[in-house]
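Chains as they are written, first to last, in numbering that gives the first Met the number 0: chain A, 0 to 121; chain B, 0 to 243. Glycine is no exception: its CB is placed at the ideal position from the N, C-alpha and C atoms.
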Amino acid sequence: MKRILVVDDEPDITSSLKNGLQQKGFDVDTYNDPLKALEGFKPETYDLLLIDIRMPKMNGFEFYREIKKKSENVKICFFTAFEVYYEEFRKVFPNLEVKCFIRKPITINDLVAHINMELSKN
Amino acid sequence: MEVRYETENMFNPGLINKQVELDNKIQEFINIASHEMKTPIQAILTYSELLQNNSDKSKPAYIKAILRNSLRLQKLSDNLLDITRIDSQIMGLKKERFDLNALISWVVEDFRSQTENLEYEIGKIGIEFKPVGQIFVNADKCRLEQVISNLLGNALKFTQEGKVSILAEKKEDNVIVTISDTGRGIKPEIIHRLFTKFFTLSNSGTGLGLYISKSIIGAHGGNMSARNNVSGLGASFTFEIPIH
Numbered sequence: 000m001k002r003i004l005v006v007d008d009e010p011d012i013t014s015s016l017k018n019g020l021q022q023k024g025f026d027v028d029t030y031n032d033p034l035k036a037l038e039g040f041k042p043e044t045y046d047l048l049l050i051d052i053r054m055p056k057m058n059g060f061e062f063y064r065e066i067k068k069k070s071e072n073v074k075i076c077f078f079t080a081f082e083v084y085y086e087e088f089r090k091v092f093p094n095l096e097v098k099c100f101i102r103k104p105i106t107i108n109d110l111v112a113h114i115n116m117e118l119s120k121n
Numbered sequence: 000m001e002v003r004y005e006t007e008n009m010f011n012p013g014l015i016n017k018q019v020e021l022d023n024k025i026q027e028f029i030n031i032a033s034h035e036m037k038t039p040i041q042a043i044l045t046y047s048e049l050l051q052n053n054s055d056k057s058k059p060a061y062i063k064a065i066l067r068n069s070l071r072l073q074k075l076s077d078n079l080l081d082i083t084r085i086d087s088q089i090m091g092l093k094k095e096r097f098d099l100n101a102l103i104s105w106v107v108e109d110f111r112s113q114t115e116n117l118e119y120e121i122g123k124i125g126i127e128f129k130p131v132g133q134i135f136v137n138a139d140k141c142r143l144e145q146v147i148s149n150l151l152g153n154a155l156k157f158t159q160e161g162k163v164s165i166l167a168e169k170k171e172d173n174v175i176v177t178i179s180d181t182g183r184g185i186k187p188e189i190i191h192r193l194f195t196k197f198f199t200l201s202n203s204g205t206g207l208g209l210y211i212s213k214s215i216i217g218a219h220g221g222n223m224s225a226r227n228n229v230s231g232l233g234a235s236f237t238f239e240i241p242i243h
């Protein structure tokens, strides 16, 4: 069973995604506080991280940077309602390739398709 | 004449800079408003999909979540309409005579009853309101309820511990309402921007609430202000309107 970590400050988003992804056969952990997610993160635990961008305390890009320090190879998808994510990402990480952006709102089936596509990449 | 006016504008760096600044603000607002719309839509969409699974025992919770997020969308669309009304100067008031203390008590009770509202963590923050008698005002009840809800909601959002206090007092022909919190206070450099359109410190907000609230109080012939508390802990928002 693939393990997914969802970090989003909206409890309704994490709660509904957890249920939805569990029904599709994933093992899901969630956090609403990115700092607590970072504190509790253990490398090699998750197959993929689904991260919101606009969060209090620490935004998704900062979270991405900190997680990459702990686990360079972990797969991360940004899950965002923001329209300007690509340009913003470029400003913060000019030398990094954008790996995976998934735009809200999205159906569970489409989300699962994105996740599976990302998981299938080497 | 019109052509000359445009030509003058084109070569006036000050005006061009102002236009660029306005365009950037509008772009930023569209991004934030779009974000604020898509977040509840995502929740509604996923909970609706979950409802399709007949075997799921959490259906009542999903329906509550759909309702909660629908109301959030309704509030956002109301705010956007209010902005249009304010900017077009067509915000009309439906004045009636009512007891302001009773209205504040009702709003406070409404907030207290929202125990499931995780955003404010109401259970941890106390709301103190001890009305003394009645204070009758001639004002738009629904609009004042909107202002009090906005100020109370903001105070709770930015207070991690302690309490939020509300005080309403009559002073000659005016009524003064103060909502104080024990939160982190307001940075001096941003106090003058608090009531401007699109200004937000929150990661979940469009920056319209205080602008709309101040406009409502202005339409009543009153004024609204904010300051940090003398104690050094938290901030206070005050509005004053004529009783008649």
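Just to confirm my understanding: we take residue i, look at its own chain, exclude 5 residues before and 5 after, and list those with CB closer than 8 Å. What are they?
i	result
residue 99 of chain A	74, 75, 76, 77, 113, 117
residue 207 of chain B	78, 79, 81, 82, 196, 197
residue 102 of chain B	140, 143, 144, 147
residue 40 of chain A	4, 66, 69, 70
residue 55 of chain B	49, 61
residue 104 of chain B	128, 130
Once the 5 residues before and after residue i are set aside, which same chain residues still bring their CB inside 7 Å of it?
i	result
residue 221 of chain B	238, 239, 240, 241
residue 246 of chain B	The shown model of chain B, from 0 to 243, leaves out residue 246 of chain B, and the question about it has no answer.
residue 81 of chain A	52, 53
residue 96 of chain B	135, 137
Does DSSP put residue i in a helix, a strand or coil?
i	result
residue 27 of chain A	strand
residue 102 of chain A	strand
residue 130 of chain B	coil
residue 48 of chain A	strand
residue 40 of chain B	helix
residue 55 of chain A	coil
residue 60 of chain A	helix
residue 125 of chain B	strand
residue 19 of chain B	helix
residue 94 of chain A	coil
residue 154 of chain B	helix
residue 327 of chain B	Outside the displayed span of chain B (0 to 243) sits residue 327 of chain B, for which this structure offers no information.
residue 80 of chain A	coil
residue 95 of chain B	strand
residue 28 of chain B	helix
residue 43 of chain A	coil
residue 193 of chain B	coil
residue 177 of chain B	strand
residue 229 of chain B	coil
residue 0 of chain A	coil
residue 165 of chain B	strand
residue 90 of chain B	coil
residue 111 of chain A	helix
residue 242 of chain B	coil
residue 73 of chain A	coil
Keeping to the same chain, check which residues put their C-beta closer than 6 Å to that of residue i; ignore five residues upstream and five downstream.
i	result
residue 31 of chain B	205
residue 26 of chain A	0, 2
residue 84 of chain B	90
residue 213 of chain B	194, 223
residue 79 of chain A	52
residue 127 of chain B	162, 164
residue 30 of chain A	6, 36
residue 236 of chain B	150, 178, 225
residue 199 of chain B	206
residue 111 of chain A	23
Thinking just about the alpha-carbon of each residue, which of the options is nearest to the one in residue i?
i	options	result
residue 154 of chain B	B:179, B:166, B:213	B:179
residue 35 of chain A	A:5, A:87, A:70	A:5
residue 65 of chain B	B:55, B:43, B:171	B:43
residue 132 of chain B	B:94, B:158, B:166	B:166
residue 34 of chain B	A:102, A:120, A:119	A:102
residue 100 of chain B	B:175, B:22, B:192	B:175
residue 10 of chain A	B:56, B:45, B:25	B:45
residue 73 of chain B	B:211, B:86, B:40	B:40
residue 172 of chain B	B:192, B:134, B:160, B:188	B:134
residue 243 of chain B	B:129, B:232, B:98	B:98
residue 169 of chain B	B:130, B:209, B:57, B:112	B:130
residue 55 of chain A	A:49, A:28, A:120, A:33	A:33
residue 29 of chain B	B:16, B:51, B:75	B:75
residue 187 of chain B	B:234, B:123, B:211, B:21	B:234
Since residue i and residue j are thought to touch, with beta carbons under 8 Å apart, how far apart are those beta carbons, to the nearest angstrom?
i	j	result
residue 137 of chain B	residue 184 of chain B	That pair is no contact at about 34 Å.
residue 105 of chain A	residue 23 of chain A	In fact, because the Cβ distance is near 13 Å, the residues do not count as touching under 8 Å.
residue 110 of chain B	residue 150 of chain B	Incorrect: roughly 11 Å between the Cβ atoms, too far for contact.
residue 158 of chain B	residue 181 of chain B	6 Å
residue 38 of chain B	residue 12 of chain A	7 Å
The segment 211-225 of chain B touching the segment 137-154 of chain B, judged by at least three CB pairs closer than 8 Å: yes
Cβ pair count under 8 Å reaching 3, the segment 54-62 of chain A against the segment 12-25 of chain A: No: fewer than three Cβ pairs fall under 8 Å.
The segment 38-54 of chain A in contact with the segment 57-71 of chain B per 3-pair CB rule at 8 Å: Contact between the segment 38-54 of chain A and the segment 57-71 of chain B is absent, because fewer than three Cβ pairs lie under 8 Å.
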